[in-house]
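Shown next, in structure tokens, is the structure this report addresses.
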RNA sequence: CUGCCCGUAGCUCAACUGGAUAGAGCACCAGUUUUCUAAACUGGGGGUUACAGGUUCGAUUCCUGUCGGGCAGGCCA
């Protein structure tokens, strides 16, 4: 439809100006219903060039624009906007289009079957997943669904930092716990983890439990001195917990990559050698430094410590080189904003490899930290201190749907405040139920009607006139644009907000009109309309990974 | 001190990347059920978009500065 309007407008623009490119024409969807279905600011832009007031330009265009059976009315409004109103024929086509596309309505093929890799959550196996990880999971998974809906072939990936200092801390903490050393004992590792789960792991380890993790069985030896076994078991234990939490959160990954694998297969060493070879390194104070300042960082970074081990970002660079070599031209990393300083280092490292990797590759979506409050007081989310709200607790208490909605419904860069008491007491206020209720209501009406839904089709000659109906049609027609926009802007929250609006239109309509009326034409038309709305709600909820119930 | 993100109704958040009268939910006030689910709907009050300048037909959005909050600035990850 936008293309159609652009074509109509451009045919006039060609006559009255010397523009040869239709890109100056931008078609918008006005917020206010009285401003029509589409609008353009074209006249405001042409005004300067033609040296005429915008409204005068509008009058000229209006006079010359060719007629279209899809448009019932064009108005000049405000400072010089042109507002377009769709004809009933155009409205009917929208609805019949939804009814024939069904679950495919809203999808597009702009991805053109290209490969995209989305990395998200990537929590260290040093503790259970908390709300912050939940936010990453909700956003990352919705992004993946959005790209799938836009015709991309998506690989979801989880990266485990299972090597390095933090794992040592974990191992030492569990070991201390095995020896009954309490966290306030001076012998407890000073950088150790204090959470209760450390005791759980220790207990399981001492009783020689078996843990299944990613298809492998890990068995604890139960020996306190067997540090290797403690480490292996602790990681397996926590990975297993995280996996189960993610399954409960309906988040699946296609690929799990272990940091340790890049040490084992020698890729870390080859990256380091390549960086040395390319002349981006130097030795100082007994350590090896990477000249990240060559690539825009504000100071150089140590890559090889004096003890011979590498700093964390070297395996990170290796991992990203691996992504590149696997053929992903588009990669998105969804992570917490506390990791933002790694971006410049990873990108610097990749540039230093001289492999023609684009400067702004990979792309990042950073979500801001969540502030958790309880009884109006802030709770610090800290693995070390062991005080945090786990994702599992959240799912158990408020449900997967409500949690997913809540965490995906806000802009990633908003610092959202999560009130535990509110979530517990008022989970019914979560807008997700409002949306699901709209879906359930439609389902019930159609069930009571009892006819063959697959044969529902709107009669060409039917005209919707009721304003509740027109608003709902507009909402339905916008949906594919929202999907595309949310994908391009990496903004899943737009889907959530749209669905809330769409559900509101449906509820208004529901209260305004009765659907199962005696007049057969009106009945079938209304059923066609609400059934197409049902597809929009269902498809939109699917993008958020939320169920669309038949009844509530 | 330096870099990144943010500041919108009493509270939690939107605003289609520069558009028209800044919108929802919660909370508050007043209404709606012999009818397909009232987990709903209708109406009302509530705003100097932190503050001060600038850019232009037009700014919550872009630029500069100030104030306030968060996160980073480890040979931790």
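Residue numbers (this note's numbering): 2 to 553.
Using N, Cα and C, we set each Cβ at its ideal position, and we do this for glycine too.
The model shown is predicted, which means the values in this text are computed figures rather than measured ones.
Looking at the DSSP output, residue 288 sits in a beta bridge with 285. The region 98-118 makes contact with the region 532-539: 3 or more CB pairs, one atom from each, lie closer than 8 Å. The DSSP assignment places complete beta strand (DSSP E) segments of no fewer than 3 residues inside the region 191-217 at 211-214, in order along the chain. Residue burial annotation: residue 304 is buried, with at least 16 other C-beta atoms found within 10 angstroms of its C-beta. In the three-state DSSP reduction, residue 296 falls in the helix class (H, G or I). Contact between the region 329-338 and the region 132-148 is present, with at least three C-beta pairs closer than 8 Å. Look at residue 410 here: in three-state DSSP terms it is coil, with no helix or strand label.
In the DSSP annotation of this structure, the continuous segment of the alpha helix (DSSP H) that includes residue 228 starts and ends at 228-249.
For the region 302-356, the continuous beta strand (DSSP E) assignments of 3+ residues that do not extend past its boundaries occur at 302-305, 331-337, in sequence order. Cα atoms of residue 3 and residue 65: separation of roughly 19 Å, rounded to the nearest angstrom. In the same chain as residue 286, and ignoring 5 residues on each side of it, the C-beta atoms closer than 8 Å to its own belong to 307, in chain order. Residue 541 places its beta carbon 8 Å or farther from that of residue 251. Distances from the alpha-carbon of residue 62 to those of 396, 47, 532 put 47 closest. In the DSSP assignment, residue 38 is bridged to no other residue. With contacts defined as CB atoms closer than 8 Å, residue 470 and residue 406 fail to qualify as a contacting pair.
Taking 3 residues as the minimum length, the beta strand (DSSP E) runs contained wholly in the region 103-139 are 116-120, in order along the chain. If you ignore the 5 residues before and after residue 12, its C-beta comes within less than 7 Å of the C-beta of 67, all in its own chain and listed in chain order. When only Cα atoms are considered, residue 229 and residue 379 end up about 38 Å apart. Taking 8 Å as the cut-off, the beta carbon of residue 254 is found no closer than this to the beta carbon of residue 314.
For residue 378, the uninterrupted beta strand (DSSP E) segment begins and ends at 378-380. A Cβ-Cβ contact shorter than 8 Å links residue 474 with residue 92. With a threshold of 16 other beta carbon atoms within 10 Å, residue 404 meets it and is buried. Judged by DSSP secondary structure, residue 160 falls outside any alpha helix (DSSP H) and instead within the beta strand (DSSP E) spanning 154-161.
In the DSSP assignment, residue 258 is bridged to 160. About 6 Å separates the beta carbons of residue 409 and residue 497, which is inside the 8 Å limit, making them a contact pair.
Taken in chain order, the whole alpha helix (DSSP H) runs of length 4 or more contained in the region 481-533 are 494-513. Looking at the DSSP output, residue 418 shares a beta bridge with 372. Of 84, 169, 519, 83, the smallest CA-CA separation from residue 125 is found for 169.
Within the same chain, Cβ atoms closer than 8 Å to the Cβ of residue 269 are found at 263, 311, 315, 316, 319, the five residues on either side in sequence being excluded. Shown here for residue 258: same chain residues with a beta carbon closer than 6 Å to its own, the five before and five after excluded, namely 160 in chain order. Sequence-distant Cβ neighbours of residue 51 in its own chain, meaning closer than 8 Å and more than five residues away, are 17, 18, 58. Between residue 341 and residue 413, the CB-CB gap reaches or exceeds 8 Å. The Cβ neighbour count for residue 8, taken over all protein chains shown within 10 Å, is under 16; the residue is labelled exposed. Shown here for residue 284: same chain residues with a beta carbon closer than 8 Å to its own, the five before and five after excluded, namely 290 in chain order. A residue is called buried when at least 16 other Cβ atoms come within 10 angstroms of its Cβ; residue 452 does not meet this threshold and is exposed. Beta bridge pairing from DSSP links residue 365 with 334.
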